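Chains as they are written, first to last, in this note's numbering: chain A, 1 to 188; chain B, 1001 to 1340.
Written out below as structure tokens is the structure these notes cover.
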Ligand code: SF4
Ligand code: SF4
Ligand code: SF4
């Protein structure tokens, strides 16, 4: 029983995943660079520890900005590329389609892209994401936990006291060096 | 003097007022923060109605419960004589059906796969290789690791062969009883109509059914599949969904076993529940619903773990149809009997 290597979904998926992962990390890395260049005097910034976040919804409502600086981040290395993504779909969807009524995200900020049966890739449209953590809860509760929240430092205005941190029930906010402003989830 | 006294008074008055204002502001901020902390989440992901099972669907009752001897309890197996084997920590421990502790085998790492032959040989799947022990717990053989990403999670005995489920490489491996690798089954092959296993988390189980076909869970496709020993894909059943008749979350069932008449007992994570399906894969009843495993359900819902790969259940069924359930989170082993 042999497998045609050109049809090997693993290698293709790994390829796609690696590509996406590098792109995702590059995005955050570049933003880190922007941040580091912004000010050297104030060397600490706020960030969310994904292991402590309890997905309470405050990140969407408590930020001083009209649209929260907190966004969903996707770790492609952890993702299962699931057909039934519990971060994307309502708990009881009518069908596993992209129809609005099946989507969990209140702003339709998650894109679902077919890769190969039965794999789908999920990506976040950051302009639409309000940081509500609904998808994070779905993915953490029933999946691999590849979706998580981070303060995006290209948006955050760096309040002395972060307004979300004050109300965070998980005590998930902490100060991190501006040179390494993200707390990423890379493995289980 | 009077004037001075008055000045002092005034200073004190202002200081006290400032203090009171500061205290009021702090108390106010704290009260606001705690109110914000406590208020209901407008974006809540609510599955609470799925955590309670309709009592009419529950077919079994618990008759006994005890705890696995070590943490990280992950696998059960039954010996032909009815002894229960429990893999927890770096040990495999035997118990009588009543929970009395017997033999203990020390391992170098946790066991994820376990089965016992008619002759009493114990086959243990460690992460990347298989070890064989005799009935006294003496190591008889160590088989080489077959591939780079191997992660054994299931073992079944078939005639004079051993079938091992390798979740890391998403294949079944056929070995002879001496550990010689004979074949690889179940890898995706369009020409042979083999769909391939989708395994988002390390849960791939293989069992031999009374009809002579292998049964394997395909968690990413939410179904149980049947294969011939030659690797032909024969049939599949199972549907995704949160409802009780379907398999919930991204990837379930994570484990299953067979009753003596060949019906299926399935285990899910996320909404931890154990259910029975007919030979054709029709939902029949619930052995134990999510409400029976509150700690397990919480393991996925709370912070700290960061994902749902720690929760889950395993099950085996003995010749009398009693079902033994292992709770990964509490380490408890429950014995379930069909209700009268
Ligand atoms: S406020 Fe804290 S617990 Fe709530 S969603 Fe934000 S990080 Fe998570
Ligand atoms: S569900 Fe909430 S956190 Fe997730 S992508 Fe949508 S807006 Fe962002
Ligand atoms: S520091 Fe200010 S802008 Fe940044 S996340 Fe907190 S409240 Fe929003």
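All C-beta atoms in this analysis are idealised placements derived from N, C-alpha and C, irrespective of residue type, glycine included.
Predicted, not measured: the structure shown is a model, and the values here were computed from it.
message: On the CB-based measure, 16 or more other CB atoms within 10 Å of its CB, does residue 1143/B come out buried or exposed?
response: Residue numbering aside, residue 1143/B sits at position 143 when the second chain is read from its first letter. When all chains shown are included, residue 1143/B counts as buried.
field: Coarse secondary structure for residue 1329/B, derived from DSSP in three states
entry: By 1-based counting over the second chain, the position of residue 1329/B is 329. Note: residue 1329/B maps to coil in three-state DSSP.
- prompt: Going by beta carbon distance, what residues of the same chain come within less than 6 angstroms of residue 70/A, once the five residues before and after it are set aside?
  reply: Translated into positions along the first chain, residue 70/A becomes position 70. Closer than 6 angstroms at the Cβ level, and outside the excluded window around residue 70/A, lie 59, 131, 149, 151.
task: Pull up the DSSP beta-bridge partners for residue 1316/B, would you.
output: Reading the second chain from its first residue, position 316 is the one you call residue 1316/B. 1324/B.
field: Spatial distance of residue 1190/B from residue 1234/B (CA atoms)
entry: Position 190 of the second chain, counted from the start, is the residue given in the question as residue 1190/B. Position 234 of the second chain, counted from the start, is the residue given in the question as residue 1234/B. Take the alpha-carbon of residue 1190/B and the one of residue 1234/B: they are about 14 angstroms apart.
message: On the criterion of 16 or more Cβ atoms from any shown chain inside 10 Å, does residue 108/A qualify as buried, or is it exposed?
response: The residue given as residue 108/A occupies position 108 in the first chain. By the beta-carbon neighbour count (other beta carbons within 10 angstroms, threshold 16), residue 108/A is exposed.
Cα-Cα separation, residue 1225/B to residue 135/A: To locate residue 1225/B, count along the second chain from 1; it is residue 225. To locate residue 135/A, count along the first chain from 1; it is residue 135. Rounded to whole angstroms, the separation of the alpha carbons of residue 135/A and residue 1225/B is 30 angstroms.
message: When you compare the region 1238 to 1247 of chain B with the region 1199 to 1206 of chain B, are there three or more beta-carbon pairs, one atom per stretch, that lie closer than 8 angstroms?
response: Touching, no.
- prompt: residue 60/A touches chain B at which residues, Cβ-Cβ below 9 angstroms?
  reply: As a first step, residue 60/A must be located in the first chain, where it is residue number 60. Taking a Cβ-Cβ threshold of 9 angstroms, the residues of chain B close to residue 60/A are 1042, 1043, in chain order.
field: residue 105/A beta carbon near ligand 1 (any heavy atom closer than 7 angstroms)
entry: To locate residue 105/A, count along the first chain from 1; it is residue 105. Because no heavy atom of ligand 1 lies under 7 angstroms away, the Cβ of residue 105/A does not count as near it: no.
- request: Look up residue 1173/B in the DSSP assignment and say whether it is helix, strand or coil.
  value: Mapped onto the second chain, residue 1173/B falls at position 173. If DSSP states are grouped into helix, strand and coil, residue 1173/B belongs with the strands.
task: Have a look at residue 1222/B and residue 86/A and give me their C-alpha separation to the nearest angstrom.
output: In the second chain, counting from the first residue as 1, residue 1222/B sits at position 222. In the first chain, counting from the first residue as 1, residue 86/A sits at position 86. Cα-Cα distance, rounded: 13 angstroms.
field: Chain-ordered neighbours of residue 1281/B on chain A, where CB pairs are closer than 7 angstroms
entry: One-based indexing of the second chain puts residue 1281/B at position 281. Among the residues of chain A, none has a CB under 7 angstroms from the CB of residue 1281/B; the nearest is roughly 18 angstroms distant.
message: When you compare the CB of residue 1221/B with every CB in chain A, is at least one pair closer than 8 angstroms?
response: For this step, residue 1221/B is matched to residue 221 along the second chain. For residue 1221/B, the answer is yes, since a Cβ of chain A falls inside 8 angstroms of its Cβ.
- request: For the beta strand (DSSP E) holding residue 177/A, just list the boundary residues, first then last.
  value: Taking the first residue of the first chain as position 1, residue 177/A is located at position 177. That run of the beta strand (DSSP E) goes 173 to 177.
task: Would you mind sorting residue 1207/B into buried or exposed? The rule is 16 or more other CB atoms within 10 Å of its CB.
output: Your numbering for residue 1207/B matches position 207 in the second chain. Of the residues assessed, residue 1207/B falls on the buried side of the cut-off, its CB having 16 or more other CB atoms within 10 angstroms.
message: Report the CB separation of residue 1254/B from residue 1168/B in whole angstroms; it is logged as a contact under 8 angstroms.
response: Your numbering for residue 1254/B matches position 254 in the second chain. Your numbering for residue 1168/B matches position 168 in the second chain. So it is not a contact: roughly 15 angstroms between Cβ atoms.
Alpha carbon of residue 49/A to alpha carbon of residue 81/A, nearest angstrom: Sequence index remark: in the first chain, residue 49/A carries index 49 (1-based). Sequence index remark: in the first chain, residue 81/A carries index 81 (1-based). Approximately 24 angstroms, taken between the alpha carbons.
message: Let me check you understand the geometry: is the CB of residue 1250/B closer than 7 angstroms to at least one non-hydrogen atom of ligand 1?
response: Translated into positions along the second chain, residue 1250/B becomes position 250. No; taking the cut-off as 7 angstroms, the Cβ of residue 1250/B has no heavy atom of ligand 1 nearer than that.
- prompt: Quick one: what's got a C-beta closer than 7 angstroms to residue 1077/B's C-beta in the same chain, skipping five residues either side?
  reply: As a first step, residue 1077/B must be located in the second chain, where it is residue number 77. 1085, 1114, 1115, 1116, 1316.
field: Contact set for residue 147/A: own chain, Cβ-Cβ below 7 angstroms, skip 5 residues either direction
entry: The residue you call residue 147/A lines up with position 147 of the first chain. Answer for residue 147/A: 72, 74, 87, 135, 136, 139, listed in chain order.
- prompt: In chain order, which beta strand (DSSP E) runs of at least 3 residues are fully inside the region 1234 to 1296 of chain B?
  reply: 1255 to 1258, 1264 to 1268, 1273 to 1277, 1283 to 1288, all fully within the region 1234 to 1296 of chain B.
field: Extent of the continuous alpha helix (DSSP H) to which residue 1106/B belongs
entry: Counting from one through the second chain, the residue named residue 1106/B turns up at place 106. Unbroken run through residue 1106/B is the beta strand (DSSP E), 1101 to 1106; no alpha helix (DSSP H).
- request: Just mark residue 1080/B as buried or exposed, buried being the case when its beta carbon has 16 or more other beta carbons within 10 Å.
  value: Reading the second chain from its first residue, position 80 is the one you call residue 1080/B. Burial call: exposed.
message: Can you confirm whether residue 1301/B, when its beta carbon is compared against all beta carbons of chain A, has any partner nearer than 8 angstroms?
response: Numbered from its first residue, the second chain carries residue 1301/B at position 301. By this cut-off, residue 1301/B is an interface position.
- request: Can you have a look at residue 46/A and say buried or exposed, based on whether 16 or more other CB atoms are within 10 angstroms of its CB?
  value: Reading the first chain from its first residue, position 46 is the one you call residue 46/A. Answer is buried; the Cβ neighbour count reaches 16.
- prompt: What is the rounded straight-line gap between the Cα of residue 113/A and the Cα of residue 89/A?
  reply: As a first step, residue 113/A must be located in the first chain, where it is residue number 113. As a first step, residue 89/A must be located in the first chain, where it is residue number 89. The straight-line gap from Cα to Cα measures roughly 14 angstroms.
Identity of the residues DSSP links to residue 1092/B by a beta bridge: On the second chain, residue 1092/B is found 92 positions in, with the first residue counted as 1. The partner list for residue 1092/B (beta bridge, DSSP) reads 1087/B, 1105/B.
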